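Beneath this line is the structure, given in structure tokens, with notes to follow.
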Amino acid sequence: DGELLSLVFRVDAAAPFAALGELEIAAAALEQPPTGDLLSVRWQHGGVRVGVPPGLWTNEVLRVDEGQSAAIDGTLLEVRDADSEAGELRFVLVDVPDNGSLIGLQGPLGAGSRFSQADVNGGILRYGHNGGETTEDVFAFSVSDGGGTPLTGVFSIRINPINDLPALVALGDVQVNEGQSLDIDVE
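Next comes the structure, spelled out in structure tokens:
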């Protein structure tokens, strides 16, 4: 029985979310038909990397109709960290949206408000557009696992415009002489 192939795979220690270790796969040439396993695999684990800052995994654009609200969930915004659970990844709202508001479990969020990745995953974080004639909005955030330098980012929102009907404003008493015209503005 001689060794035919041996392959060692080492995980790059600089890779985010990497578990340090080696994977060794070995196969051997056989003189007789096999009676047991043909392949042996050994994983030598060096442990999860601790102290690595969180990484921005997903940051997709939220699309919402003018004047409406929508949830910002983990399919749109996700931060991951090898040594932290979703509830331990804490966001801080650095800059609020200009054309709407962020709403959490307790109501509207202002600069300095906090929420977790678990809140995002649970669909608790919502954006509500103010109904204005704007087509985009953003908010800035930082996120930390409680140690090291926080990760910073910007989340983008695209507002789908709605063709609003014009509104007639009450004019009150207006007099117009015969043969003259009066211009009326509609909003």
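Going by this note's numbering, the sequence shown opens with residue 8, and the numbers climb by one from there. Beta carbons: idealized from backbone N, C-alpha and C, even for Gly. Only a predicted model underlies this, so the values are computations on that prediction, with no experimental measurement involved.
1) Measuring only the C-alpha atoms, how far is S151 from F98?
2) Measuring only the C-alpha atoms, how far is L69 from D105?
3) Do you know how far the Cα of L109 is from the Cα of L83?
4) Looking at A147 and L189, is the spacing between their C-beta atoms short of 9 angstroms?
5) Use the C-beta contact count for Q124: other C-beta atoms within 10 angstroms, 16 or more gives buried, fewer gives exposed.
6) Got a sec? Which residues, its chain only, sit under 8 angstroms from T156 by beta carbon, not counting five neighbours each side?
7) Would Y134 pass as a contact of D144 if the rule is Cβ separation under 9 angstroms?
8) Report yes or no: do three or more beta-carbon pairs, one from the region 74-81 and one from the region 173-184, lie closer than 8 angstroms?
9) Measure the alpha-carbon distance for L178 versus D192 and round it to whole angstroms.
10) What are the residues that DSSP puts in a beta bridge with S76?
Taking the structure as given:
1) 7 angstroms
2) 15 angstroms
3) 15 angstroms
4) Going by C-beta atoms, L189 is not nearer than 9 angstroms to A147.
5) The residue is buried, with at least 16 neighbouring Cβ atoms inside 10 Å.
6) The beta carbon of T156 lies closer than 8 angstroms to those of P60 in the same chain, with the five residues before and after it left out.
7) yes
8) no
9) 10 angstroms
10) G135
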